[in-house]
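Visitor:
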Amino acid sequence: MAAQGRGSAARGNTAAVVAVVLLCVLLHGEVAESAVYTVGDRGGWSFNTANWPRGKRFRAGDVLVFRYSPKAHNVVPVSAAGYRSCSAPRGVRALTSGNDRVTLKRGVNYFICSFQGHCQAGMKVAVTAA
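The sequence shown maps to residues -32 to -1, 1 to 98 in mature numbering (1 follows the signal peptide of the UniProt record, and there is no 0).
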């Protein structure tokens, strides 16, 4: 009978530890779920999206969805220099599905449209993820 009592105590301790861990997670208030954002909101990936991130809080692991006509646009991840100069490095692969999903990395994530003149006309976005 004594052994049975110790088993009950161990189960009770395990339940207490689990309860404390769950309480800590709930009190912390943040769930480790990624958010999904459509770039440009209803308008999708288009011109003048540079201000689209304003007022939004992005985290590493969040997903950006670029929706656009693949005959008219594309999405190219670039460096800060590529963003400023509106140029993609040679050999970089453009995203061209018209419904591209990109997972954000910590720091600034830069994207442009590499169709002639589009980036220069404002079809670019920089998103900072914490």
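Beta carbons: idealized from backbone N, C-alpha and C, even for Gly.
1. Can valine 31 and arginine 69 be called in contact, C-beta distance under 9 Å?
2. Could you give the DSSP three-state label for tyrosine 51: helix, strand or coil?
3. Count the other CB atoms, across all protein chains shown, that sit within 10 Å of the CB of alanine 56; report buried if there are 16 or more and exposed otherwise.
4. Taking 9 Å as the cut-off, decide whether the C-beta atoms of alanine 98 and arginine 25 are in contact.
5. Let me know the secondary structure DSSP gives aspartate 68 once reduced to three states.
6. Within the same chain, show all residues whose beta-carbon is closer than 8 Å to that of lysine 92, passing over the 5 residues directly before and after it, in chain order.
7. Looking at the unbroken beta strand (DSSP E) that takes in lysine 39, where does it start and where does it end?
8. Ordered along the chain, which non-local residues of its own chain (more than five positions away) have a Cβ less than 6 Å from that of threonine 96?
9. Below 9 Å between beta carbons: does that hold for arginine 27 and valine 7?
10. Write down the C-beta distance between threonine 71 and glycine 29 rounded to the nearest angstrom, noting that I regard them as a contact closer than 8 Å.
11. Just tell me which of Val44, Ala48, Ala49, Gly66 has its CA closest to the CA of glycine 59.
12. Residues in its own chain within less than 6 Å of alanine 3 by CB, not counting five upstream and five downstream?
Guide: To lay it out plainly:
1. Within the sequence shown, numbered from 1, the residue matching residue 31 stands at position 63. Within the sequence shown, numbered from 1, the residue matching residue 69 stands at position 101. Yes; because the gap between Cβ atoms is below 9 Å, this pair is in contact.
2. Here residue 51 is taken as the residue at index 83 of the sequence shown, counted from 1. The answer is helix: DSSP assigns tyrosine 51 an H, G or I state.
3. Locating residue 56 in the sequence shown gives position 88, where the first residue counts as 1. Around the beta carbon of alanine 56, 16 or more other beta carbons lie within 10 angstroms, which makes this residue buried.
4. As a position in the sequence shown, residue 98 is number 130, starting the count at 1. As a position in the sequence shown, residue 25 is number 57, starting the count at 1. Yes, the pair counts as a contact, with Cβ atoms nearer than the cut-off.
5. The residue given as residue 68 occupies position 100 in the sequence shown. DSSP, reduced to helix, strand and coil, places aspartate 68 within a strand of the structure shown.
6. Counted from its first residue, the sequence shown places residue 92 at position 124. The answer, listed in chain order, is Thr17, Ala18, Tyr51, Cys54, Tyr78, Phe79, Ile80, Cys81.
7. Position 71 of the sequence shown, counted from the first residue, corresponds to residue 39. DSSP places lysine 39 outside any beta strand (DSSP E), giving it a letter other than H or E.
8. Start at 1 with the first residue of the sequence shown, and residue 96 comes out as number 128. Here threonine 96 has Val76 as same chain residues with Cβ atoms under 6 Å from its own Cβ, once five neighbours each way along the sequence are excluded.
9. Here residue 27 refers to the residue found at position 59 when the sequence shown is read from its first residue. Here residue 7 refers to the residue found at position 39 when the sequence shown is read from its first residue. Contact annotation: arginine 27 and valine 7 have beta-carbon atoms that are not nearer than 9 Å.
10. As a working note, residue 71 is residue 103 in the sequence shown. As a working note, residue 29 is residue 61 in the sequence shown. Correct: roughly 6 Å between the Cβ atoms.
11. On the sequence shown, position 91 is the one that residue 59 refers to. In terms of CA proximity to glycine 59, Val44 leads the group Val44, Ala48, Ala49, Gly66.
12. In the sequence shown, the residue the question calls residue 3 occupies position 35. Within the same chain, Cβ atoms closer than 6 Å to the Cβ of alanine 3 are found at Asp30, the five residues on either side in sequence being excluded.
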